[in-house]
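In the UniProt record's numbering, the protein residues as written are 1 to 327.
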């Protein structure tokens, strides 16, 4: 048999080792320390005296181009910097979440294929947002991951083309830590900005900032009344839910909308003919973690029309779609 074929396919089940190398380098603060100290090997041995494979581990980090060695001292590469808190567009928090809740959920995929259960629930015994409400450490990983992920993406640039004339109140449904609202304020600080999310999420958002023009309300978009607003935003929310639950969220917003209200939906939009492997894996990951799904334009259109919403405008920025909906 072709050795190249064997080698290429072997990587399909050994690639996880690289992820665990990165995870270990993050969790032991090795990358942070290398950034701060630019240490020698002996200095690193003093920091990690119990690790017999330190030199091999460092060589692997070199091969992964996360660190470099000049013959005397170690330092970070630009790629290595991304896995520290020093990078503006850091990958540290998403990697931490992926290597904890993410890995344990993916391990349950075989069981999920056979019994149809959501892998996250199989791994942790609860739906994800219920689990996060009971586990502060896990919620911290999730929240930090979402915040960093949002910073890395160009969602905010989408709003440059939105007509905010005659808008008094903007309400972000499922606001997370409120980052999106703070960015909208940079476009126009005359709005009343309201974030709406579950109590444990709002508690975190309030710790970051709350004032006269930026307020947060606790509630469930499945069960509680949503306040009136001129513009509603659902940013990367619907992909967490199947069509039935997405319909409930949309109906609750519709009940609160007045005739001039607009609903802005921001989410990835699949192009089934051109989706690459990373996009397809991301699509599967949404189901594994939440039981949700990414959707194509036609699938979104069908979902909206079933709820009585009309698409008045649609635009794409990079791999995100912005749907502007009216009653």
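Beta carbons are placed, not taken as given, at the ideal position from N, Cα and C, and that holds for glycine.
Secondary structure of residue 219 (DSSP, three-state): coil. Runs of beta strand (DSSP E) with 3 or more residues, each lying fully within the segment 19-80, are found at 67-69, 74-76, listed in chain order. Judged by DSSP in its simplified three-state form, residue 90 adopts coil rather than helix or strand. A straight-line Cα-Cα distance of about 7 Å links residue 317 and residue 158. In terms of Cα proximity to residue 94, the closest of 42, 88, 148, 139 is 148.
For the pair residue 128 and residue 289, the CB atoms are nearer than the 8 Å cut-off.
Between residue 265 and residue 234 the beta-carbon gap is near 5 Å, inside 8 Å, which marks them as a contact. Secondary structure note for residue 84: it is in no beta strand (DSSP E), with a DSSP letter that is neither H nor E.
Residue 76 holds the alpha-carbon nearest to the alpha-carbon of residue 40 among 142, 269, 120, 76. Apart from the 5 residues on each side of it in sequence, residue 168 sits with its Cβ closer than 8 Å to the Cβ of 191, 192, 230 in its chain, given in chain order.
Taking 8 Å as the upper bound for CB-CB distance, residue 204 and residue 177 are in contact here, some 6 Å apart. Residue 262 carries a strand assignment under DSSP once its states are collapsed to helix, strand and coil. Here residue 88 is exposed, its C-beta having fewer than 16 other C-beta atoms within 10 Å. Between the segment 52-65 and the segment 19-33 there are three or more inter-stretch CB-CB distances shorter than 8 Å, so the stretches are counted as touching. Distance check between residue 195 and each of 217, 308, 187 places 217 closest, using alpha-carbon atoms only. Rounded to whole angstroms, residue 222 and residue 181 show a C-alpha spacing of 21 Å. For residue 310, there is no enclosing alpha helix (DSSP H); the residue is part of the beta strand (DSSP E) that begins and ends at 310-317. Here the alpha carbon of residue 305 sits roughly 25 Å from the alpha carbon of residue 197. DSSP places residue 192 in the strand class (E or B) of the three-state scheme. The criterion of a C-beta distance shorter than 8 Å is satisfied by residue 239 and residue 286. The Cβ neighbour count for residue 16, taken over all protein chains shown within 10 Å, is under 16; the residue is labelled exposed.
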